[in-house]
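Protein chains in written order, with the working numbering: chain A, 10 to 213; chain B, 8 to 797. The beta-carbon is built from N, C-alpha and C at its ideal position, and this holds for glycine as well. What follows is a single structure, written as C-alpha cells, with notes after it.
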C-alpha cells in the first residue's frame with residue numbers, strides 16, 4: 010500500500026502539529042531550544058521494513074517501544090542508532106556527559122521520557138483524527154541489534170501488517186540527530202487511518 | 008496486568024480494593040491514586056514512611072493542596088495528560104523528584120530523595136476515572152552513577168598522565184638514541200654493575216653491539232694502557248655514589264685505543280635509593296690531538312726570539328708572545344687590551360703611519376721601525392705586518408712579527424766607527440805630511456815678515472800664509488767630521504761639494520805618483536743622504552784605488568746624472584727605474600781577479616797584506632749605499648783598470664734646489680762683548696764687527712768679561728764666548744754672567760767639534776753655538792739671528 014503525495018503531505022502536516030507541542034515541552038525540560046522536523050513519511054509492508062531500515066540504521070539500536078490498544082491497536086517505536094541515542098541524551102542533558110559512548114541508567118531514562126513524549130504526541134494526533142481513545146502501555150527502552158528487534162515485530166502475528174515510518178530529526182545546540190518513528194499497524198487499522206486522513210484533507 | 012474477574016473472589020470482597028490493599032504494603036515504591044480532580048484516594052505505606060504523611064492524613068486531600076510546589080514546578084500538565092489517557096514518564100535527570108522526600112544515603116546522611124515517576128490514567132470502561140502515580144527511589148543509583156562518573160574522570164586523568172609519561176619517555180629514549188655521545192646505564196642492584204642499556208652512539212664509538220655488552224661489566228673497555236689512577240677515580244665515584252669526569256684510555260672492539268672523556272653520574276629513586284649509574288662516553292682522541300698540536304704551536308710561538316703580536320684595528324694588543332715579553336720587557340698581562348701607541352711607539356713616526364696605511368690597503372707591510380722598551384730605551388725592529396681577515400673577508404686584526412735589530416744596528420755602528428778609525432789611521436801619515444807642507448810656508452812666511460819687507464812682499468807672504476792656514480783648517484775639519492762618528496740625519500745633499508772635498512783630500516794626501524782627476528757634472532742632482540756616511544764611501548773607494556796603484560797611476564773621480572730604464576734593469580736586479588746620481592771611482596791599478604770580484608763586498612775579505620786592511624771597507628761601502636736605497640757595481644780588468652760605480656737615487660723635487668745667496672746682515676750699532684783667549688781671533692772679530700755696523704768690547708779672560716758686563720750690562724746686546732779658555736772656562740763664565748742677567752744673549756764658539764760641549768750649551772739655553780773656524784759670514788748671520796730672535 011502506497012501513500013499518495015497528497016496523503017503524505019497531510020500526514021506530515023498532522024504529525025508536525027503534534028511535534029510542535031512536543032518540541033515546546035522538550036525545550037521547557039532541557040532549557041534550550043529544540044526543533045523537531047518531519048522530512049518524510051512512508052508506509053511499508055512489515056516484511057519490507059527490515060531491508061528498508063537496514064539502509065538507514067546499522068548495528069546496535071536504541072528503541073523506545075510502546076504498545077497501544079483501542080479501536081486501533083499496534084506497536085509504536087522511536088528508533089535511534091546507538092550513537093545517535095547517546096548523542097541525543099548528551100544534547101538534552103549536557104550536565105551529565107556519557108563516558109566512552111555508553112548510556113547509564115539515568116541517561117536511558119531520559120531517552121525513555123523523550124520517546125514517550127514523542128510517541129504520545131504522534132498517537133494522540135492519530136487518536137484525535139480517528140476520534141477515539143487510544144490506551145498506552147508503559148514505554149520500554151531496548152538496546153539490541155536492529156534485526157532482533159524487527160524480528161520480534163514480525164513474528165507471531167497472523168494479520169497482514171504495515172509500518173508507517175515517520176522520519177524524525179531532532180535539532181538542538183547546533184546539532185541534529187536523526188531518528189525514526191515506526192508505527193506498526195494491522196491492515197484494517199491502517200486503512201481506517203488513511204481514510205481518516207483523506208477525510209481530514211477534504212474537510213480542511 | 009490483566010485482571011480477570013473471579014466469581015469466588017468477587018463474592019468474598021470487592022476485588023480492586025483487595026488488590027490495592029495488597030499492593031499498598033507489598034510494593035517497594037511509592038504509589039498513590041487520585042480521582043479526576045486530583046483528590047487523593049489511595050496513599051500506600053511506602054509513602055507514609057518516606058513522606059511522613061499517613062494515609063489517614065492524606066486521603067481526601069487534593070494533591071495540589073498537599074503539594075503546592077507541583078503547580079509551581081509546572082508538573083500539573085502531566086496529570087492533565089494522564090487524565091487524557093496518556094502514560095507519563097518523569098525521569099530523575101529532568102525532574103529530580105516528584106514529591107519532596109528525604110532518605111539516608113550510603114553514608115547515612117539525611118539527603119533529598121531522587122526519584123523517577125510514572126503517571127498513568129485509571130480507565131474504567133473507556134472512561135478515565137482518575138490517575139495512578141508510581142514513584143521509585145533512585146537516590147542510590149544516582150549516587151552510584153556519580154561515583155562511577157568520578158571514577159571514570161579519575162581513570163581518564165590517570166590515562167592522560169600515563170600517556171604523558173609515556174610520551175616523555177619516548178622523547179627521552181629518542182634523544183638518547185640520537186645523541187652523539189655514547190650512553191651506557193648500569194644497574195647498581197646487580198653485582199658487578201652490569202650494563203642494562205647502551206645507545207647507538209656507544210656502538211659507534213666502541214664497536215660493541217648492545218647484545219654483546221648487556222649483562223656484562225664494562226671492564227671490557229679497558230686495556231694495557233688504561234691507567235690505574237683513572238680506574239681508581241671511577242671506583243671511588245661508584246662507591247661514594249657521586250658524579251665524576253675522567254679522561255681515560257679505552258679500547259674499541261677492534262683493540263684500537265681511544266681517549267674517552269667519561270662522565271659518570273648516579274641516578275637515585277625518589278626515596279633516595281641508588282638505582283643506576285649513567286655513563287656518558289665521549290671520544291676525544293681527535294680533540295686531544297688538536298689540543299696537543301695547538302699547545303705545541305703556542306710553545307713554538309713562545310720559543311721564537313721574535314716578538315709575535317696580534318693587535319686589533321685600533322692598535323689594541325690581543326696576543327703577545329714570550330718573545331715580545333723578552334724584547335719589550337712588558338708581560339702579556341701588562342699590555343693585553345692596551346694600545347701599542349701608548350707604550351711602544353712614544354712618537355708616531357712616518358714609517359709607522361705608512362705601515363698602518365699599507366697593511367690596511369695591501370694586506371702587508373715590512374720595514375724598520377723605531378720603538379721603545381719598558382725601560383724607555385730606543386729599540387729598532389725589523390717589522391713584518393700581515394692583515395688577518397675573518398671568514399667574511401673583513402679585516403679583523405694585524406699580525407706583527409718584530410725582529411730586534413737594536414744589537415745588530417749597534418754592531419753596524421761599531422763597524423762603521425772601526426772602519427773610520429782605520430781610515431784615519433791610513434790617512435794619518437798623509438795628513439801629517441800635508442800639515443807639515445802647510446806649516447812650512449806659514450813658518451817661513453812668518454819669519455820673513457819679521458825681517459821687514461816691502462808692503463807688496465808682505466802682502467804676498469800674508470796671502471801664502473792665509474791660504475796655507477785655510478788649507479790646514481779645511482783638513483782639520485775633514486778629520487773631525489770623519490772621526491765624529493755620529494749618525495747624521497738624512498738630508499738633501501749636493502754631492503758636488505762632497506766629491507770635491509774627498510778629491511781634494513786625495514790630492515793632498517795620496518802619494519805624488521798618483522794623479523787625481525775630478526770630472527764632476529756642474530748641475531748634479533740632489534740626493535738624500537748622510538754626509539758622513541757618503542764621505543766614508545768615497546774615502547774608502549779612493550783609498551782602495553790608492554792601494555791598488557802602488558806603482559803610480561791615475562785616480563779618476565767622476566759624477567753625473569743618469570736615468571735608469573727597463574733595459575738597464577735586466578742586467579742590474581737591484582736597480583729600480585728612476586733618476587740616479589752616478590759616482591765613479593776608477594783607478595789604473597792592478598785590478599781584481601774575476602773570482603775575487605764576487606767576494607770583495609764580503610766582510611773581512613781582503614787581498615791586502617796582514618795589518619794593512621781589515622776587510623771591512625767595501626762591506627761598509629755596500630751597507631751604506633744600500634741604506635741610501637742605492638746600489639754599486641764593479642768592473643775590473645787585471646793590470647788595466649778597476650771601476651766602482653755608485654748609484655744613489657736622486658731627489659726629484661729638489662733637483663734644482665739652490666739656496667739664494669743672501670746679503671750679509673748689518674748691525675745697528677749694538678755693543679758686543681767678545682771673550683776669547685786667542686788674541687788673534689779678538690783682532691779679527693774687531694775688524695769684522697766694526698766693518699759690519701757693530702761696536703765691540705773684547706777681553707781674553709772670563710773674570711774681566713764679568714767685570715765688563717757688570718759695568719755695561721745695559722749697553723751690551725750680546726756676548727760671544729769661547730768655551731775653551733784657561734783659568735775660567737766658557738761655561739763657568741756664562742754661569743756668572745747669567746747671575747747678573749738671566750736673559751743674557753750668548754753665542755759660544757769652540758775649536759773642538761765636541762758633541763758633549765754642544766749638548767751642554769743646548770741644555771744651558773745658549774742661543775747659538777759656532778764651531779771654529781768660522782767665517783765672517785757665519786758669525787755675522789749668527790749675531791743677527793740672536794739679537795733679532797730670528
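For the region 112 to 123 of chain B, the set of positions with a beta-carbon nearer than 7 angstroms to some beta-carbon of chain A reads 123 in chain order.
Nearest CB-CB separation between residue 98/B and chain A: below the 8 angstroms threshold. Using a Cβ-Cβ cut-off of 8 angstroms, residue 57/A does not count as an interface residue toward chain B, since no Cβ of chain B sits closer than that to its own.
With fewer than 16 other CB atoms across the displayed protein chains lying within 10 angstroms of its CB, residue 183/A is exposed.
According to the DSSP assignment, residue 57/B belongs to the alpha helix (DSSP H) that extends over 52 to 58. DSSP places residue 102/B inside the alpha helix (DSSP H), whose first and last residues are 99 to 102. By the Cβ test, the region 22 to 30 of chain B is not in contact with the region 70 to 80 of chain B, since fewer than three Cβ pairs between them sit closer than 8 angstroms.
Distance from the CA of residue 66/A to the CA of residue 171/B, rounded to the nearest whole angstrom, comes to 38 angstroms. The C-beta separation of residue 727/B from residue 682/B comes to about 7 angstroms, placing the pair in contact by the 8 angstroms criterion.
If you draw a straight line from the Cα of residue 225/B to the Cα of residue 201/B, it comes to about 7 angstroms. Against residue 151/A, chain B offers no close residue; the least beta-carbon distance is about 15 angstroms (beta-carbon pairs closer than 8 angstroms). Closest option to residue 672/B, judged by alpha-carbon separation, among 246/B, 786/B and 678/B: 786/B. From the beta-carbon of residue 148/A, the residues of chain B found nearer than 9 angstroms are 94 and 96. Out of 79/A, 64/A and 68/A, the CA that lies nearest to the CA of residue 194/A is found in 79/A.
The shortest C-alpha to C-alpha distance from residue 343/B to any of 262/B, 319/B and 360/B is the one to 319/B.
DSSP places residue 286/B within a strand segment (E or B) once states are collapsed to three. Residue environment for residue 355/B: exposed (fewer than 16 other C-beta atoms within 10 angstroms of its C-beta).
In this structure residue 330/B is not in contact with residue 381/B, their Cβ atoms being roughly 15 angstroms apart against a cut-off of 8 angstroms.
The beta-bridge partner set that DSSP reports for residue 189/A consists of 88/A and 176/A. Taking 3 residues as the minimum length, the beta strand (DSSP E) runs contained wholly in the region 503 to 584 of chain B are 521 to 527, 533 to 536 and 560 to 571, in order along the chain. For residue 139/A, the secondary structure class from DSSP, reduced to helix, strand or coil, is helix.
In the three-state reduction of the DSSP assignment, residue 291/B falls in the coil class. Rounded to whole angstroms, the Cβ separation of residue 564/B and residue 598/B is 18 angstroms, and the two are not in contact under 8 angstroms. Secondary structure at residue 249/B: coil, using DSSP grouped into helix, strand and coil. The Cβ neighbour count for residue 775/B, taken over all protein chains shown within 10 Å, is at least 16; the residue is labelled buried.
DSSP places residue 366/B inside the alpha helix (DSSP H), whose first and last residues are 357 to 369. By the neighbour-count criterion, in which 16 or more other beta carbons inside 10 Å mark a residue as buried, residue 85/B falls on the buried side. Counting C-beta pairs with one atom in each stretch, the region 537 to 554 of chain B and the region 565 to 584 of chain B have fewer than three that are closer than 8 angstroms, which means they do not touch.
Our two residues, residue 467/B and residue 561/B, have alpha carbons roughly 33 angstroms apart in a direct line. Legend: CB atoms of the region 182 to 195 of chain A lying less than 9 angstroms from CB atoms of chain B are not found in any residue. For residue 314/B, the three-state secondary structure derived from DSSP is strand. Proximity to residue 479/B across 537/B, 78/B, 242/B and 516/B peaks at 516/B, based on C-alpha coordinates.
Within chain B, the residues whose beta carbon sits less than 8 angstroms from that of residue 122/A are 96, 97, 98 and 101, listed in sequence order.
For residue 60/A, the enclosing alpha helix (DSSP H) stretches over residues 55 to 65. Distance check between residue 341/B and each of 353/B, 243/B, 385/B and 324/B places 324/B closest, using alpha-carbon atoms only. For residue 89/B, the CB contacts under 7 angstroms within the same chain, skipping 5 residues up- and downstream, are 95, 126, 127, 128 and 138 in chain order.
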